[in-house]
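Here's the structure we're looking at; comments come further down.
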Amino acid sequence: MKTLAIFIVLLFGGLLIYCTLDFPSWGDPQAPASMHVSPRYIERTMEETSVPNIVTAVLADYRGYDTMFETIVIFSAGVACLFLLRIFKRIEPETQLYRHIPTGITLRIAKGAEPPRESREFERIDLMWVPYDLIIKTSARLIVPFSQIFALYVIAHGHHSPGGGFQGGVILGASIILFAISHNLRSSFTRISEKFAVLLCGLGVFIYAGTGALSIFLGSNYLDYGALSKIFGVDPVTARSHGILMVEIGVGICVMAVMVHLYYNLASAGRHDEGL
Amino acid sequence: MKIIVMILLFSGLAFFTGGSIGILRLPDFYSRLHPAGKLDTAGQLLTLSAIAVFVLQDFSLHNFLTATKIVLIVIIVYITSPTATHAIVDAGVRAGLKPWTKEDQS
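The listed protein sequences derive, respectively, from chains Z and F.
Position one of the first sequence corresponds to residue 277 (my numbering), numbered consecutively onward.
Position one of the second sequence corresponds to residue 314 (my numbering), numbered consecutively onward.
As structure tokens, this is what we get:
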């Protein structure tokens, strides 16, 4: 059996390697990929959209519909996970744990008993609560702001250098997840609540679709950002790069919110009560 | 200048080799994390500073900015990599994994 498996793997691996010989060589001007629209993009992107990064121009302008529905796919994946993972019924926990902060004593409150109010002296803790780790907390505190600034830079600078909404949104979401891991789920709920995260998912798609609708209202086609020049007060070519920036911001917000919301659901097993 | 780059690069590679051998050969979880956390950090410090020195060979503002970015990468990895190792070890201890001792050898 094992020799058969090795034989099959070698056979198919060899076939795949053999087929790569038929590919056109890298950067071949005669290759099918660089025969049709690619030369036009390369030659005309700068004068049509004033965006130096051709990839972003193709992604958000020439193929704007494609990216819009990509964003909607992410949004609907987030909503699907919300309905699959979230447990809406509130299950009263058997016992609640509270910690008396000055002494470090843990109180176990039985079901039905009145818990102490959240205050400077008492805080509610999870079953899997761990004492605050100074090393992890401090380095997370060092990393989180810088990664958020970097994420905003990636989003805002996406049409000049590699980057864009998807990448920047993932970095932004990862920084919030890092905060949630290094502290706890409940303290990240105070920063971005569940409701706010779901709202942001919708807001991202709304910004993208709204930018497209705005250009209809200004008398041009859907997602034709040249019409936005009347709002920004610049010539239509520069308005295209501004439109791409608006769209990228929408994508970034949507991706960030979906990431954060997925983490909330997975970390607390859908209960949003106790978690990592 | 070239010699400095070579020395830094090869000493960095020596650290990386040691780290890889350590991850493969050491007996248990905690001792494997030891080379993963320490030697890789030292190795990336040396190799990336070799790259920074190489970039700075013909000095200009553009090259200086590139070298600064490399130094920033070194700093970020220097903060994050040991912290990640620490967090993994912490989680292992909390999950109840016993460290390897000589009695386990059999």
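Heads up, the beta-carbon is just placed ideally off N, CA and C, and yes, glycines get one too.
- Any Cβ of chain F closer than 8 angstroms to the Cβ of Z/Ile468 would place that residue at the interface, and such an atom is absent.
- In this chain, the alpha helix (DSSP H) harbouring Z/Phe345 covers Gly340 to Leu361.
- Per the coordinates, the alpha-carbon of F/Leu369 lies some 20 angstroms from the alpha-carbon of F/Gly356.
- Taking 8 angstroms as the cut-off, the Cβ atoms of Z/Val327 and Z/Ser491 do not count as close.
- Below the 7 angstroms Cβ cutoff, chain Z contributes Asp409 as neighbours of F/Asp403, in chain order.
- By the Cβ-count criterion, Z/Ile284 is exposed, with fewer than 16 other Cβ atoms from all chains shown falling within 10 Å of its own Cβ.
- Rounded to whole angstroms, the separation of the alpha carbons of Z/Ala503 and Z/Gly495 is 7 angstroms.
- The count of Cβ pairs closer than 8 angstroms, one atom from the stretch 536–548 of chain Z and one from the stretch 438–455 of chain Z, reaches three, so the stretches are in contact.
- Identification of residues in the stretch 416–436 of chain Z having a C-beta nearer than 7 angstroms to some C-beta of chain F yields Leu418 and Ile419, given in sequence order.
- Z/Ile529 is positioned such that its CB atom lies no closer than 8 angstroms to that of Z/Leu475.
- The Cβ-Cβ distance between Z/Gly434 and Z/Thr347 does not fall below 8 angstroms.
- Approximately 15 angstroms separates the beta-carbon atoms of Z/Ile330 and Z/Thr343; this is outside 8 angstroms, ruling out the contact.
- Around F/Ile386, no beta-carbon contact reaches into chain Z at under 8 angstroms, the shortest distance being about 12 angstroms.
- Pairwise C-beta distances place the stretch 390–399 of chain F in contact with the stretch 405–422 of chain Z, as three or more of them are shorter than 8 angstroms.
- Contact holds between the stretch 357–367 of chain F and the stretch 322–330 of chain F, because three or more Cβ pairs, one in each stretch, are under 8 angstroms apart.
- One thing to note: Z/Ala416 has its Cβ no nearer than 8 angstroms to the Cβ of Z/Gly444.
- Separation of the CB atoms of F/Gly325 and F/Leu352 is rounded to 10 angstroms, and the pair is thereby denied contact status at 8 angstroms.
- Contacts with chain Z at 8 angstroms (Cβ-Cβ) include F/Ile392.
- Residue contact check for Z/Ile412 against chain F: a CB pair falls below 8 angstroms.
- For Z/Tyr484, the enclosing alpha helix (DSSP H) covers residues Glu470 to Phe493.
- What F/Ala408 touches in chain Z, judged by beta-carbon distance under 8 angstroms, is nothing: the nearest beta carbon there is about 11 angstroms away.
- Ranked by Cα distance from Z/Gly340, the first of Z/Leu499, Z/Gln306, Z/Leu521 and Z/Val531 is Z/Leu499.
- In the DSSP annotation of this structure, the continuous segment of the alpha helix (DSSP H) that includes Z/Glu324 starts and ends at Ser314 to Thr325.
- Beta-bridge pairing by DSSP links Z/Thr466 to no other residue.
- Taking all protein chains in view, the Cβ of Z/Pro378 is surrounded by fewer than 16 other Cβ atoms within 10 Å, so the residue is classified as exposed.
- When the beta-carbon positions are compared, Z/Gly546 and Z/Ile293 stay at least 8 angstroms from each other.
- Take the alpha-carbon of Z/Thr382 and the one of Z/Thr371: they are about 12 angstroms apart.
- Interface annotation for the stretch 337–357 of chain F against chain Z: empty, criterion Cβ-Cβ distance under 8 angstroms.
- Fully contained in the stretch 438–465 of chain Z are the following alpha helix (DSSP H) runs of length 4 or more, in chain order: 441–458.
- Pairing Z/Ile425 with F/Leu346, the inter-Cα distance amounts to about 31 angstroms.
- Taking every protein chain shown into account, the CB of Z/Ile507 has fewer than 16 other CB atoms within 10 angstroms, so this residue is exposed.
- Flagged as an interface residue toward chain Z: F/Thr396, by a C-beta distance shorter than 8 angstroms.
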